[in-house]
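Peer 1: Let me begin by handing over the structure; questions about it come next.
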Amino acid sequence: MERSISRSVLLPIETAQARAVVLDVGSYPEFLPWCESAVVEERNASHVTVATVNLAARRYHASVTTRATELDDGTILLELVSGPFRKFRGVWKFAEGPSGCLVSFRAKFEFKRRYLDFLVLPILEPACRAVLSCFERRARKLFVT
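Those letters in the sequence shown? Residues 3 to 147, by this note's numbering.
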């Protein structure tokens with residue numbers, strides 16, 4: 003069954019700074035508590051990054067590899083390369099405003115195995131809220147004095 007998540011947060015920083023936090027995959031273990039490790043497999047001049055993130059939450063462990071493509075408007079599209087999903091597509095959007103940058107994340111996904119719905123879904127909603135909170139704290143630490 004396909005699921006979707008969507009979250010937004012307003013940060014008192016510039017869009018380029020917010021994008022930099024999202025694209026700094028190698029630093030994810032420093033500020034995402036359930037991220038055990040993160041490795042950038044490939045980064046090229048076409049603004050495409052392939053990275054693997056190893057996650058652990060409660061009894062669940064998974065490796066997820068995605069391809070992140072930076073579009074001309076600053077949007078970052080995430081596509082599944084490998085992992086526990088049958089389908090996964092995510093979008094990070096950044097909108098400059100008078101009070102800072104509105105960061106939005108949306109994803110649609112479907113697990114390969116139905117039992118993962120029961121195992122992961124109870125923690126998914128709180129985890130999604132926590133992800134943006136972690137990115138917000140990281141951005142404030144790096145860019146807000």
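The C-beta atom is built at its ideal place from N, Cα and C for all residues, glycine as well.
What are the residues that DSSP puts in a beta bridge with Phe107?
Peer 2: Position 105 of the sequence shown, counted from the start, is the residue given in the question as residue 107. DSSP lists Arg9, Trp94 as partners of Phe107.
Peer 1: Beta strand (DSSP E) containing Val66: first to last residue?
Peer 2: Numbered from 1 along the sequence shown, position 64 holds the residue referred to as residue 66. Unbroken beta strand (DSSP E) run through Val66: 62 to 72.
Peer 1: Are the region 83 to 91 and the region 9 to 29 touching by the rule of at least three beta carbon pairs closer than 8 Å?
Peer 2: Contact fails: fewer than three Cβ-Cβ distances are below 8 Å.
Peer 1: Quick check: the Cα distance between Glu138 and Leu13, rounded to an integer number of angstroms?
Peer 2: Here residue 138 refers to the residue found at position 136 when the sequence shown is read from its first residue. Here residue 13 refers to the residue found at position 11 when the sequence shown is read from its first residue. The straight-line gap from Cα to Cα measures roughly 7 Å.
Peer 1: Can you tell which of Ser10, Pro128, Val41 has the C-alpha that lies nearest to the C-alpha of Ser65?
Peer 2: Numbered from 1 along the sequence shown, position 63 holds the residue referred to as residue 65. Comparing Cα-Cα distances from Ser65 to each of Ser10, Pro128, Val41, the minimum goes to Val41.
Peer 1: What span of residues does the alpha helix (DSSP H) with Leu25 cover, start to end?
Peer 2: As a working mapping, residue 25 is identified with position 23 in the sequence shown. Segment 17 to 25, the alpha helix (DSSP H) holding Leu25.
Peer 1: Under the three-state reduction of DSSP, which class applies to Glu43: helix, strand or coil?
Peer 2: To locate residue 43, count along the sequence shown from 1; it is residue 41. Three-state DSSP puts Glu43 in a strand.
Peer 1: Run through DSSP, which three-state label would Ser101 get?
Peer 2: Along the sequence shown, read from residue 1 onward, the residue named residue 101 stands at position 99. Here Ser101 sits in coil by DSSP.
Peer 1: Tell me, which residues are paired with Leu57 by DSSP?
Peer 2: In the sequence shown, the residue the question calls residue 57 occupies position 55. Leu57 is bridged to Cys37, Ala64.
Peer 1: Take the Cβ of Thr51 as the centre, count every other Cβ of all protein chains shown within 10 Å, and call the residue buried at 16 or more, exposed below.
Peer 2: Residue 51 sits at position 49 when you count from the first residue of the sequence shown. It counts as buried.
Peer 1: Pick from Cys37, Glu38, Ala58, Thr68: whose alpha carbon is nearest that of Arg45?
Peer 2: Residue 45 sits at position 43 when you count from the first residue of the sequence shown. Checked all of Cys37, Glu38, Ala58, Thr68; the closest Cα to Arg45 is Thr68.
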